[in-house]
Structure formats: C-alpha cells, structure tokens
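Undergrad: Please read through the structure below; I'll follow up with questions.
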Amino acid sequence: MNYRELGRTGFRVSGVSFGAWAIGNAWGEVNTDESLGALHRAVDLGVNFFDTADVYGDGHSERLLAQLKRERREEIIVATKAGRRLDPHVSDGYNARNLRAFVDRGLQNLQVETLDLLQLHCPPTEVYYRPDVFGALDELIHQGKIRNYGVSVQTVEEALKAIEFPNVQTVQIIFNIFRQRPADLFFAEAARKRVGILARLPLSSGMLTGKLTMSSQFATDDHRNFNRHGERFDRGETFSGVDYETGLAAVEELRALVPPGMTLTQFALRWILMFDAVTCAIPGAKRPAQVEENAASADLPALSNSTMRKVRELYERSIKPLVHQYW
Ligand SMILES: NC(=O)c1ccc[n+]([C@@H]2O[C@H](COP(=O)([O-])OP(=O)(O)OC[C@H]3O[C@@H](n4cnc5c(N)ncnc54)[C@H](OP(=O)(O)O)[C@@H]3O)[C@@H](O)[C@H]2O)c1
C-alpha cells in the first residue's frame, strides 16, 4: 500500500482507502459479517482510512467502524459526515446547535472522544457563503470534539469556494474516468493550499469495474435502481450522471486500454492515483474479494502518457459533452 499526506492534517492515508456507504445502505442487501470481513481485509492490506457518514444505514456504517477499531490495533482514521439528517435539508439547518448534536451522535456511534475528520455532507450551495458555519466548526475543534473538518461537495464551484475558508482541510468530490472536470482547475488550487482530496465514486458506482451489462438488475433499495435519473438525490451521485447505455459503451472502449496484469477496476483506480493532487480514492466495497482487488491497485505501475492521453480522448469524445458542465 502507498500512503499520501492528507493535506495539512498530519495524517498519512492509504492511496486506496475505503468508502463505507455500501455497507450502510442504499446498495441493496448487505450482510454484517461480510461487511466486517471486508473492513478487516482492508486493514490487513494496509488500508488505514475509512469514509463514512451518520446517515449510512442511520449510523450502522459508523458503528461497524467502531467495532473494527475495537477489534484491531492498527491505526484506523475515520472521516465521517454530518448534515444529511436535516429534514428538510436546508442551509438554515447548518447551525451551531445542529452541528454539535450531529457530532455528538457521531462520537457516540464511533465510540471516540474526538472525530478525526468531520465533513459537511453535500450541503446546499448557500452554506459555502456562510462564514458562521465554518466558525461553528472551528468552535467544535476548540471544544475538542473534532480534530479536523472538510467538505463533501457536488460541484467544482462549491469546492473552490469551500477552500477559501482557511481551516477546510479536505474536499471530497466525484472524480473518475467519467468525471474529469475537477482536474481542470480545482486540483491545482487544492494542491497550492495543501488541501486533501478524497476521490469518491472512483468506480462510477461500479460501472468502471466492467461487470455491468444491459441486463444487470439492481434491487429496489439500490440507488442504481431508485436514483438512476436523480429521483431521490443528485443524479450525479449515481453512475456519475452518465446514462447507463453510454457508460457501457465507453467501458467497452476502455477495456482495450488496460495494460496486461491489471483488471479494469484496478485500471480505473490507478488512473485516479496518477493525479498527484488526489490524496486517495475511496471505492465502496461490500466483500473481502472486492477489497483485495481494489487495494492492490495502489501498488501497480504508473500508466503511460499515451494511455492517459487515450483515456482523455475517450472522455472528450463520448462523455464530456453529456456531463462536463453540470458539476
Ligand atoms: N455525498 C457524499 O458525500 C457521497 C456520495 C457518494 C459516495 N460517497 C463516498 O464515496 C464512496 C465511494 O463511492 P460509491 O460507493 O458511491 O461508488 P464506487 O466506489 O464508484 O462504487 C462502489 C460499488 O462498486 C462495486 N465494487 C467495488 N469494488 C468492486 C470490485 N473490485 N469488483 C466489482 N465491483 C466492485 C460495489 O457494488 P456492487 O458489488 O453492488 O456492484 C460497490 O458498492 C462511498 O462508499 C462513500 O464513502 C460519498
């Protein structure tokens, strides 16, 4: 496993880390033993950074991480999120009182005295124009309830605005072969300010594994079924907003670019790590075998310039016109 500095936090985290949404909910049925098996396998393989949220399985994902921490002695750094418990999910809800209550619940679920990293969970854009919200987060640091804070954003514009606040240490953003806009401007700005970047949806909801077909079926409680067109939350969170058939066709073209000795999944993850500004990819995994395949990509050789150019050409031709300007 390779490790990278997480911005200015002092943490060194695994290049391939672990996204713990799928073991919480919204990805079809999950089995607790299998989820714990996946988490343990990740630690075995040197993964030391786990991304979760208070709403993943209504705290189930956080509680599984607490159990993992009890059962392992290795360093386990957890990034959690808050904000999505608000109903309605509106800017006003991001106030000192609510944030403190969410953090207290996270501390309870994770069984710790201080959160390693708290991220605002894709708040409404207006929140990035409210210094009082970031002041409330500074106060939580002062009280010792959180060690660091960052944001999880939907758009490049929100990311650029968020890092104007000097104590924002990390930005979590969708970045993968089908979502390349963050690399155009944001990465340079984040690197300049030494802000850590967590690349989410690194496999574009599983599309970039190459295992999906026109006949793939998704359970009714899997967002790849119920949010295909943005019915429940931002459509960009499911398959990166790329329509299913277009995604499948682009994946067929990508297969030809995968060097010998790696799978398409590993190619997709290794491609992300080619960008020095990225701290880590956080693939969601439900089973130990998926963790093994994902973690191994951190140690694979770099992709060639010609391969990187061909991936960009494919993006420019087939994907960019459909999605680039939305996020
Ligand atoms: N708003 C936010 O802040 C936000 C939103 C979304 C995600 N996230 C974070 O980002 C993480 C990753 O994003 P994501 O989970 O949406 O998408 P992703 O990592 O692109 O895709 C994850 C899915 O791909 C499949 N998969 C993973 N590894 C595989 C392998 N080796 N072989 C075959 N299939 C594999 C699994 O689903 P199946 O086995 O069911 O196919 C898994 O659930 C989340 O877990 C979460 O921590 C945050």
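Under this note's numbering, the first residue of the sequence shown carries the number 1, and numbering increases by one thereafter.
Backbone N, C-alpha and C define an ideal beta-carbon position, used for all residues, glycine too.
If you're wondering where the values come from, they're calculated on a predicted model, not measured in any experiment.
Assign Met-207 to buried or exposed, taking buried as 16 or more other Cβ atoms, counted over all protein chains shown, within 10 Å of its Cβ.
TA: As a position in the sequence shown, residue 207 is number 207, starting the count at 1. With 16 or more other Cβ atoms within 10 Å, it is buried.
Undergrad: Within its chain, find whatever has a CB closer than 8 Å to the CB of Arg-130; leave out the 5 residues flanking it on each side and keep chain order.
TA: Here residue 130 refers to the residue found at position 130 of the sequence shown. Here the set comprises Ser-91 and Tyr-94.
Undergrad: I'd like to confirm something about Ser-215: is its beta-carbon nearer than 7 Å to some heavy atom of ligand 1, or not?
TA: By one-based count along the sequence shown, residue 215 stands at place 215. No; taking the cut-off as 7 Å, the Cβ of Ser-215 has no heavy atom of ligand 1 nearer than that.
Undergrad: Taking Cβ positions, are Val-78 and Leu-64 nearer each other than 8 Å?
TA: Counting from one through the sequence shown, the residue named residue 78 turns up at place 78. Counting from one through the sequence shown, the residue named residue 64 turns up at place 64. No, they are not a contact pair.
Undergrad: Please state if the CB of Gly-150 and the CB of Gln-169 are separated by a distance shorter than 8 Å.
TA: Here the question's residue 169 lines up with position 169 in the sequence shown. Here the question's residue 150 lines up with position 150 in the sequence shown. Taking 8 Å as the Cβ cut-off, Gln-169 and Gly-150 qualify as a contacting pair.
Undergrad: If we count Cβ pairs, one from each stretch, closer than 8 Å, do we get three or more for the segment 233-241 versus the segment 196-206?
TA: yes
Undergrad: Check whether the Cβ of Gly-28 lies closer than 7 Å to any heavy atom of ligand 1, and answer yes or no.
TA: Counting from 1 along the sequence shown, the entry for residue 28 is found at position 28. Result yes, Cβ under 7 Å from ligand 1.
Undergrad: Compute the minimum distance between the beta carbon of Glu-237 and the heavy atoms of ligand 1, and state whether it is under 7 Å.
TA: Mapped onto the sequence shown, residue 237 falls at position 237. Indeed, a heavy atom of ligand 1 lies less than 7 Å from the Cβ.
Undergrad: How many Å lie between Pro-124 and Leu-160 at the Cα?
TA: If you number the sequence shown from 1, residue 124 lands on position 124. If you number the sequence shown from 1, residue 160 lands on position 160. Each residue's alpha carbon lies about 15 Å from the other.
Undergrad: With DSSP as the reference, please indicate the residues paired to Tyr-3 in a beta bridge.
TA: Along the sequence shown, one-based indexing puts residue 3 at 3. For Tyr-3, which the question treats as bridged, DSSP gives the partners Ser-14.
Undergrad: With hydrogens ignored, establish whether the beta-carbon of Ile-282 is closer than 7 Å to any heavy atom of ligand 1.
TA: On the sequence shown, residue 282 is found 282 positions in, with the first residue counted as 1. Indeed, a heavy atom of ligand 1 lies less than 7 Å from the Cβ.
Undergrad: In the DSSP assignment, what residue or residues form a beta bridge with Gly-196?
TA: Here the question's residue 196 lines up with position 196 in the sequence shown. Paired residues: Thr-170.
Undergrad: Alpha carbon to alpha carbon, how far is Glu-113 from Pro-182?
TA: In the sequence shown, residue 113 corresponds to position 113, counting from 1. In the sequence shown, residue 182 corresponds to position 182, counting from 1. Near 34 Å, if we compare the C-alpha coordinates of Pro-182 and Glu-113.
Undergrad: Give a single yes or no on whether Pro-123 has its beta carbon closer than 7 Å to a heavy atom of ligand 1.
TA: As a working note, residue 123 is residue 123 in the sequence shown. Incorrect: Pro-123 has no Cβ contact closer than 7 Å to ligand 1.
Undergrad: In chain order, what residues of the same chain have a beta carbon less than 6 Å from the beta carbon of Arg-84, not counting five sequence neighbours either side?
TA: Here residue 84 is taken as the residue at index 84 of the sequence shown, counted from 1. So the list reads Val-55 and His-121, once near-sequence residues are dropped.
Undergrad: Under three-state DSSP, which class holds Asn-48?
TA: By 1-based counting over the sequence shown, the position of residue 48 is 48. Coil, per DSSP.
Undergrad: Is it true that the CB of Ala-285 sits closer than 8 Å to the CB of Ala-22?
TA: Within the sequence shown, residue 22 is the residue found at index 22, counting from 1. Within the sequence shown, residue 285 is the residue found at index 285, counting from 1. Yes. Within cutoff.
Undergrad: Per DSSP, what are the beta-bridge partners of Gln-119 in this structure?
TA: In the sequence shown, counting from the first residue as 1, residue 119 sits at position 119. Bridge partners of Gln-119: Lys-81 and Gly-150.
Undergrad: Identify, in the order they occur along the chain, each residue of the same chain with its Cβ nearer than 6 Å to the Cβ of Lys-211, setting aside the five sequence neighbours on each side.
TA: Position 211 of the sequence shown, counted from the first residue, corresponds to residue 211. Sequence-distant partners of Lys-211 (beyond 5 residues in either direction) whose C-beta falls short of 6 Å from its own C-beta are missing from its chain.
Undergrad: Following a CB-centred definition, is Gln-67 positioned closer than 7 Å to any heavy atom of ligand 1?
TA: In the sequence shown, residue 67 corresponds to position 67, counting from 1. Not so, every heavy atom of ligand 1 lies at least 7 Å from the Cβ.
Undergrad: Quick one: what does DSSP say Gly-135 is sitting in, helix, strand or coil?
TA: By one-based count along the sequence shown, residue 135 stands at place 135. Looking at Gly-135 - three-state DSSP - the assignment turns out to be helix.
Undergrad: Helix or strand or just coil, what does DSSP make of Trp-271?
TA: Numbered from its first residue, the sequence shown carries residue 271 at position 271. Of the three classes helix, strand and coil, the one that applies to Trp-271 here is helix, per DSSP.
Undergrad: Under the three-state reduction of DSSP, which class applies to Gly-284: helix, strand or coil?
TA: Residue mapping note: residue 284 aligns to position 284 of the sequence shown, counting from 1. Gly-284 falls in the strand class under three-state DSSP.
Undergrad: Measuring only the C-alpha atoms, how far is Ala-268 from Cys-280?
TA: On the sequence shown, residue 268 is found 268 positions in, with the first residue counted as 1. On the sequence shown, residue 280 is found 280 positions in, with the first residue counted as 1. If you take the alpha carbons of Ala-268 and Cys-280, they lie about 13 Å apart.
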